[in-house]
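Residue numbers (the numbering used here): 32 to 1174.
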């Protein structure tokens, strides 16, 4: 008994363990069915259960409202999801408070995945920042030390939106936010409110409300200049705080007394006239492109907005500007609507009026470009490259003569590829223009260049110089003496793990042809880097203004190479040459600046360049290095080296552009998403078009970065099917509506989930374009959705779950049609019944296309038969496959449950055998019938043989006596059904009439051989007749030939022989000679003839008794026709016979 109980207990435990294992296995399988980004997978349904504020099939979307005084915004642990959007609305309860954001970590795909910060509650609020790229990765040890950026709103609400595309993902971001207390005048936006409610001013500002400008830095060895708001350093000191010796380079920030009147901008254009810096246009996050003209006075340290009368240039960015002779000239750029321009404008600073320049009649038409560079050389504005709709990355150099107003385009002198965002500087000593870096779609598939070329504006000759190994674009470059200084730009060679806003600071030595990295200060603006800033030289210093580093910058910075005069001896002076460009003057024993030294560098000393000339492999490269190398003896030598024969370089004429660089692009001509992404557009262009809904622009995929360098595109569409999803009005559910940051849900108040998706923000819908007043909505949902979401097909219970879905709908939110119906029942729409002609039980839930279950039937509504099936499938009709006798056929089934077969007797006198079998797959069922057709009345009647037979294998015989094949028109039909459509099934069918097969073969062979023998006999008889007739013809021909030969012209004798002469023998005489003729068929023979004699047997006197005679005879035979013996009857024996011989 104990053993039995123990056995039962063990069995029970085993069963429990098995059940638990099965549950764990099923749970593991269910979890593997779904991937939830910010949630977990439901073990029963396999669907994602998202965390609060997250939604979507994979919980990849979020929309959250944050009302706490502080908190953290993050995309979650690990990498963010691709093709996702997230929105956070931070609201402060205090109406006069502001919100401060501190970026602690930020790493996204450069230029494609962007974070937008709006100073308000919607996407129509001013845009404060657009961050992208790697500002600081979470692997950095600096993550917890200090924030990367600090951003402050001017209102009590901030709206943050994050977009990621469908390709590369990164570690994401972490942002701390805090609500700042109310302070007097909000600290004039130049400081923050501390816990005591007082202002903590930013550097450069002071006072209770931070409204008094002062020096940005404390002056350690100097005093603050109230006019320039910078430190006036004591002799021997330099730097922003006067804490550095003046012989080293340093950065400085110049804060104007009225700095706040200037908005930050990028891709503007700037130029110097006297002590004034002139700036026109540029891109801004808040007001888009500018069309204002501003200027900065170095003497008064103030900005001024220049007023002018009359018409001026339109809003633009990415244009160029040159300044000379009290004039400012701007060219090209991108307009407010995204079109690339080619107009040229002239501004007179004396009269303060704009004038559009008209070209001379013999002038070429300029090419519309943006992101180009312009350099002034001898009253000629030389424009390099750029991007435009005509050639894409334009590979040409355009030259405008300021005197004759004439354009010349040089199309055949290009050895450098066209680029966007490059820089160009002019060296008046060598007369060369140095063009550096830029971006293009064809630069070694990297997209960004690090190449440096020199261009001779007289000979139009290009020479490639040493590359910098730092690819960049939208940087700034200036030339101070022999040093070309390059700062900032976008260095993102690849989109992943790339820094969009770099602070790289390089210098290129024109004399030695070498690159080096320059030191930079720890200023926040420089440490974070920027792109799109302008660069120029003033007072032997490099100045940069504006730029973009996720935020638009209005700062004016300068870099000084250092005071070379501070070095007092030759050794220290030459040591400072690499960084400060100093030269040693041996005559005055002074250290001079690079500007002075480069002009007279023959008399000044500098460090010797190392192996520079030997590295130059061509004549052009050798001569481009400056004054220290020369090309002779077919090699590059130092200038002081001995040269047997100096050689001049040959000008190289390069071919016209080919391929993609010359292709005319048409994407920007399309004004709608559908036309932009249509198959026709994508077929005509080798480059794929992309649609930006935010800018309403169609651009080439390879030009995306140059078309939206500042993150302007936040709704990118690459497939035409996605076009409807970028507009609010096309979304029919609240969750779908909330995927777009600029949309909100207007509920109808019925409590069933019906509503409309409208453009709007936290406060309500926006003003419609076609109406004066905004849309009215009493139940507006911008962050969350209504609790009851049943799409108008049910009401909800106390737990906000749909009670019972009506109108042929199903699902947790009544969002699907039941089986047998199709359509989109969201937002109150109806489901339609599937129309499948009784050949399908269900159809596609959206399109209504029927899933036809019968083999041989297809069509949207299962309405037609597929060859070789025949019949009429409409209105529930059937399609049959007709079997052929002795022809087995196999049918493979997948997703089908039925097939109909038919066969007819071929021979009326023989039985039928029918075989059908399922060779692979589970059994099915079959019904067999036969159809009798009355030929008189053309009616037919179908009778059942059997039905419901479980089909594995079936052999069925049909007797011709039972079914009367010979009397009636009979057709047999087999209906096979209940085939397992989930399994691969193979059915083989064949029908035969065995006896008819043997009889037919016997009759065939009998008939065949009878006919064959008959033909053989006829042929034999005909052959014999032909042979006989042929022999007769030959005999007759031989005889005729013998007669002709016998009648030859010989001597002829006639003999009269008595009948009494008896011949000794009847045989033919033997010839004594024979002459065979042609083919040895006949011959001429010679014989001895006995002549007649007297009664005594002797010949007559004087004659011989014998003679020779010839005759024609068949060869091989001795018969002849010369002697004929007539042995007649006795009554005729006395008659004489005349015989003729030819002798």
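Ideal placement from N, C-alpha and C gives every residue a C-beta, glycine not left out.
Neighbourhood of residue 183 by C-beta, 8 Å cutoff - its chain only, sequence neighbours within 5 removed: Working through the chain shown from its first residue, we reach residue 183 at position 152. Here the set comprises 129, 130, 131, 132, 211, 220 and 223.
Residue closest to residue 856, alpha-carbon to alpha-carbon, out of 842, 866 and 868: Residue 856 sits at position 825 when you count from the first residue of the chain shown. Comparing Cα-Cα distances from residue 856 to each of 842, 866 and 868, the minimum goes to 842.
The stretch 590-603 / the stretch 292-306 touching (three or more Cβ pairs under 8 Å): no
Exposure label - residue 864; buried when at least 16 CB within 10 Å: What you label residue 864 is simply residue 833 of the chain shown in a count that begins at 1. Exposed is the call here.
Alpha-carbon to alpha-carbon, residue 720 and residue 157: Counted from its first residue, the chain shown places residue 157 at position 126. Counted from its first residue, the chain shown places residue 720 at position 689. The alpha-carbon atoms of residue 157 and residue 720 are separated by roughly 29 Å.
Buried or exposed by the 16-neighbour rule on C-beta atoms within 10 Å, applied to residue 1096: Along the chain shown, one-based indexing puts residue 1096 at 1065. Unreliable placement is indicated for residue 1096, whose pLDDT of 49 sits below 50; the coordinate value is still reported in the next sentence. Burial call: exposed.
Residue 10 burial status per 10 Å Cβ neighbour count (16 or more: buried): Here the chain covers residues 32 to 1174 and nothing more, so residue 10 does not appear.
6 Å Cβ shell around residue 63 - same chain, five flanking residues per side excluded: For the purposes of this step, residue 63 is taken as residue 32 along the chain shown, with counting starting at 1. At residue 63 the pLDDT is 45, less than 50, meaning the model places this residue with poor confidence and gives no usable figure here.
Three-state secondary structure (DSSP) of residue 1047: Position 1016 of the chain shown holds residue 1047. DSSP places residue 1047 in helix when its eight states are reduced to three.
Expected contact under 8 Å - CB spacing of residue 295 and residue 315 to nearest Å: The sequence position of residue 295 within the chain shown is 264, counting from 1. The sequence position of residue 315 within the chain shown is 284, counting from 1. Between residue 315 and residue 295 the Cβ distance is about 7 Å, and since that is below 8 Å, they are a contact.
Residue 901 - partner residues in DSSP beta bridges: Working through the chain shown from its first residue, we reach residue 901 at position 870. Answer is 911.
Segment contact flag, the stretch 934-950 with the stretch 1015-1024, C-beta cutoff 8 Å, min 3 pairs: Judged by Cβ distances under 8 Å, the stretch 934-950 makes contact with the stretch 1015-1024, as three or more pairs qualify.
Classification of residue 724 by the beta-carbon crowding that lies within 10 angstroms, buried from 16 upward: In the chain shown, residue 724 corresponds to position 693, counting from 1. Its Cβ being crowded by 16 or more others within 10 Å, residue 724 is buried.
Cβ contact (3+ pairs, closer than 8 Å) linking the stretch 372-382 and the stretch 338-358: yes
Nearest residue (CA-CA) to residue 258, options 980, 899, 289 and 293: As a first step, residue 258 is located in the chain shown; it is residue number 227 there, counting from the start. Ranking 980, 899, 289 and 293 by Cα distance to residue 258 puts 289 first.
Cut-off 7 Å between Cβ atoms - residues of its own chain near residue 569, not counting five sequence neighbours on either side: As a first step, residue 569 is located in the chain shown; it is residue number 538 there, counting from the start. Here the set comprises 303 and 329.
Residue 928 in three-state terms, based on DSSP: Here residue 928 is taken as the residue at index 897 of the chain shown, counted from 1. Here residue 928 carries a coil assignment [DSSP, helix/strand/coil].
Exposure of residue 453, with buried meaning 16 or more beta-carbon neighbours within 10 Å: Position 422 of the chain shown holds residue 453. Residue 453 is buried by the Cβ-count criterion.
C-beta contact flag for residue 95 and residue 115 at 7 Å: In the chain shown, residue 95 corresponds to position 64, counting from 1. In the chain shown, residue 115 corresponds to position 84, counting from 1. Contact flag unset, no.
Exposure of residue 52, with buried meaning 16 or more beta-carbon neighbours within 10 Å: Your numbering for residue 52 matches position 21 in the chain shown. For residue 52, the predicted model reports a pLDDT of 47, less than 50, meaning its position is unreliable and no value from the coordinates is stated.
Residue closest to residue 788, alpha-carbon to alpha-carbon, out of 795, 798, 808 and 760: Numbered from 1 along the chain shown, position 757 holds the residue referred to as residue 788. Nearest C-alpha to residue 788: 760.
Three-state secondary structure assigned by DSSP to residue 302: Locating residue 302 in the chain shown gives position 271, where the first residue counts as 1. Annotated three-state conformation of residue 302 is strand, per DSSP.
Anticipated Cβ contact below 8 Å, residue 950 with residue 1038, distance rounded: For the purposes of this step, residue 950 is taken as the residue at position 919 of the chain shown. For the purposes of this step, residue 1038 is taken as the residue at position 1007 of the chain shown. Wrong, their Cβ atoms sit about 40 Å apart, outside the cutoff.
Pair within 7 Å by beta-carbon distance, residue 208 and residue 120: What you label residue 208 is simply residue 177 of the chain shown in a count that begins at 1. What you label residue 120 is simply residue 89 of the chain shown in a count that begins at 1. Taking 7 Å as the Cβ cut-off, residue 208 and residue 120 do not qualify as a contacting pair.
Among 828, 311, 960 and 236, the one whose alpha carbon lies nearest that of residue 975: As a first step, residue 975 is located in the chain shown; it is residue number 944 there, counting from the start. When each option's Cα is compared against that of residue 975, the closest is 960.
Beta-carbon spacing of residue 395, residue 438 below 7 Å: Within the chain shown, numbered from 1, the residue matching residue 395 stands at position 364. Within the chain shown, numbered from 1, the residue matching residue 438 stands at position 407. Going by C-beta atoms, residue 395 is nearer than 7 Å to residue 438.
Proximity winner among 386, 873 and 1002, relative to residue 932 (alpha-carbon distances): Position 901 of the chain shown, counted from the start, is the residue given in the question as residue 932. Among 386, 873 and 1002, the Cα nearest to that of residue 932 is on 1002.
Start-to-end residues for the beta strand (DSSP E) that takes in residue 737: Sequence index remark: in the chain shown, residue 737 carries index 706 (1-based). Not the beta strand (DSSP E): residue 737 falls in the alpha helix (DSSP H), residues 735-738.
Pair within 7 Å by beta-carbon distance, residue 576 and residue 565: Position 545 of the chain shown, counted from the start, is the residue given in the question as residue 576. Position 534 of the chain shown, counted from the start, is the residue given in the question as residue 565. Against a cut-off of 7 Å, the Cβ pair of residue 565 and residue 576 comes out as a contact.
Cutoff 6 Å; reference residue 629; Cβ partners in own chain excluding five residues on either side: Numbered from its first residue, the chain shown carries residue 629 at position 598. Only 512 and 513 meet the Cβ criterion.
Alpha-carbon spacing of residue 181 relative to residue 233, whole angstroms: As a first step, residue 181 must be located in the chain shown, where it is residue number 150. As a first step, residue 233 must be located in the chain shown, where it is residue number 202. So the alpha carbons of these two residues sit roughly 12 Å apart.
C-alpha gap between residue 487 and residue 426, whole angstroms: Reading the chain shown from its first residue, position 456 is the one you call residue 487. Reading the chain shown from its first residue, position 395 is the one you call residue 426. So the alpha carbons of these two residues sit roughly 16 Å apart.
Cβ neighbours of residue 905 in the same chain (closer than 7 Å, five flanking residues each side left out): The residue you call residue 905 lines up with position 874 of the chain shown. Within the same chain, residue 905 has close Cβ partners 868 and 894.
Those runs of the alpha helix (DSSP H) which lie wholly inside the stretch 320-352 and span at least 4 residues: Within the stretch 320-352, no complete alpha helix (DSSP H) run reaches 4 residues.
Straight-line Cα distance separating residue 308 from residue 407: Start at 1 with the first residue of the chain shown, and residue 407 comes out as number 376. Start at 1 with the first residue of the chain shown, and residue 308 comes out as number 277. Those two C-alpha atoms are separated by around 17 Å.
Rounded C-alpha distance that separates residue 1153 from residue 1050: By 1-based counting over the chain shown, the position of residue 1153 is 1122. By 1-based counting over the chain shown, the position of residue 1050 is 1019. Residue placement at residue 1153 is flagged as unreliable, the pLDDT there being 39, under the threshold of 50; the coordinate-derived value follows with that caveat. Taking the straight line from one Cα to the other gives about 42 Å.
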